[in-house]
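Residue numbers (the working numbering): 8 to 69.
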Amino acid sequence: SAGPTVRLVAELEGDRRQLTVEITRDEASRLAPRPGERVFVRPRQMRLFLRGELPEGFSYEI
């Protein structure tokens, strides 16, 4: 695909939730991530999308 970034889908270790990661093409070329490979992710900018309402008494912090 065209564009300056590459999107990867990562699975969080332990609970199998998925996380979409966006990196530059240069980073992707340098890191050369492979399917199943363990990587470290540190968010610089994060967006959270909730599915429906939060249960009563539930809170979260970012």
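Cβ coordinates follow ideal geometry from the N, Cα and C atoms, glycine included.
Check: Where R37 falls: helix, strand or coil (DSSP); Outcome: helix
Check: Beta strand (DSSP E) segment containing V28, residue limits; Outcome: 25–31
Check: Backbone secondary structure at R14 - three-state DSSP; Outcome: strand
Check: Cβ shell of I30 (< 6 Å), same chain only, five flanking positions each side left out; Outcome: V13
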